[in-house]
Structure formats: structure tokens, C-alpha cells
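Okay, so the sequence shown: first residue is 499 according to our numbering, each after it adds one.
Glycine included, each C-beta is placed from N, C-alpha and C at the ideal position.
Please read all numbers here as calculations on a predicted model, not as lab measurements.
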Amino acid sequence: MRPSTATGPLRHWAPEVGDAEVAFACAPLPGAPADALPRVWPGRGLGLPETDVPGLVTALGAVMATPQFWRARRSGAGRGSEQIWSMPHTDPSDGFLYVAGPCGRWNNTAGYRPVHTFAIPLGDVGGLRSRLAAHLHTG
Numbered sequence: 499m500r501p502s503t504a505t506g507p508l509r510h511w512a513p514e515v516g517d518a519e520v521a522f523a524c525a526p527l528p529g530a531p532a533d534a535l536p537r538v539w540p541g542r543g544l545g546l547p548e549t550d551v552p553g554l555v556t557a558l559g560a561v562m563a564t565p566q567f568w569r570a571r572r573s574g575a576g577r578g579s580e581q582i583w584s585m586p587h588t589d590p591s592d593g594f595l596y597v598a599g600p601c602g603r604w605n606n607t608a609g610y611r612p613v614h615t616f617a618i619p620l621g622d623v624g625g626l627r628s629r630l631a632a633h634l635h636t637g
């Protein structure tokens, strides 16, 4: 399933929901700066421009409405808890919100890198959505 959402001012999110993970393809909307791409530290974390967080929360909610998400959750895939994700923090030097957790496939690279796509285990989608939504609420 490929629900497509254009929910943030800088990003067009297009989640591709598989049996075990969801891959988010994203592209800056016209006029967005090139350095606004999400950043992934493979297997360790995700960074987003603060302005894109509401759009990703909406897209994560759409993923949670799919049958694949509920099958993965019932099967015990992923950890299914917000505790797998760190408390989000904003880096004032770049305006990005960072959260540590299972984003992308682990490899030996160090540090966050700009990406056009990133994947999250389906069982961990709810936890990420909880952390990001709480951040928006306490904002």
C-alpha cells in the first residue's frame, strides 16, 4: 500500500508499507532548501527539520491504520513501545529534531546522513508516533 500525504510545509511523504517495515520516500517540495532532507544514522536514529514533524506524525498515523501494521504488531515484530525511541531533542544549531531508535538498516557508518528514503520496522511505528506527538504537544 502506498498512501501519499503532503502534510508538511517542506515535505511530501509517501510511505510504502511492507510486511515487516515501512519505507518513507520523501522529496522537498518546490522552493524547499536542499539541506532540508531527513537525516538517518543507520540503525541508530532519525533527524527531521522541526517543521516536518507534524507531517510525519500524520503519515505514521496513516501507516497505523493499515492491516500490515496490525499484523506486525500482533506477531510481536519490533518492540512496539515508545521506549525503543529516545525522547526527541531539537538541535538549535540546525533546527532539526533528533530521535534515537531503529531507523534504517544498521551499518558501520557513523553519523547522520541526508536521505531521500528511510525505513522503520512496522512494530516500532507506534512508539515513534507517540514520541513525536508528545513532543508536539509539549512543544
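Are the beta-carbon atoms of residue i and residue j separated by less than 9 Å?
| i | j | result |
| --- | --- | --- |
| Pro536 | Phe522 | yes |
| Ala518 | Ala570 | yes |
| Leu558 | Leu630 | yes |
| Gly541 | Val597 | no |
| Gly543 | Ser584 | yes |
| Cys524 | Thr615 | yes |
| Cys601 | Trp539 | yes |
| Pro547 | Gly599 | no |
| Thr564 | Val515 | yes |
| Val520 | Pro513 | yes |
| Pro612 | Asp533 | yes |
What does DSSP give as the partner residues of residue i in its beta bridges?
| i | result |
| --- | --- |
| Ala537 | Before going on, a small fix: residue 537 reads as Arg here, not Ala. DSSP lists Gly545 and Pro612 as partners of Arg537. |
| Ala512 | Ala523 |
| Pro619 | Glu519 |
| Val551 | Bridge partners of Val551: none, in fact. |
| Leu595 | Leu546 and Thr588 |
Taking residue i and residue j to be in contact with their CB atoms under 8 Å, please state how far apart those CB atoms are, rounded to whole angstroms.
| i | j | result |
| --- | --- | --- |
| Gln566 | Leu620 | 6 Å |
| Val555 | Leu595 | With a Cβ gap of about 11 Å, Val555 and Leu595 do not count as contacting. |
| Ala617 | Arg603 | 7 Å |
| Met562 | Gly625 | Contact flag wrong, Cβ pair sits at about 11 Å. |
Task: Ordered list of beta strand (DSSP E) runs contained in the region 556 to 592, each at least 3 residues - done: 587 to 589
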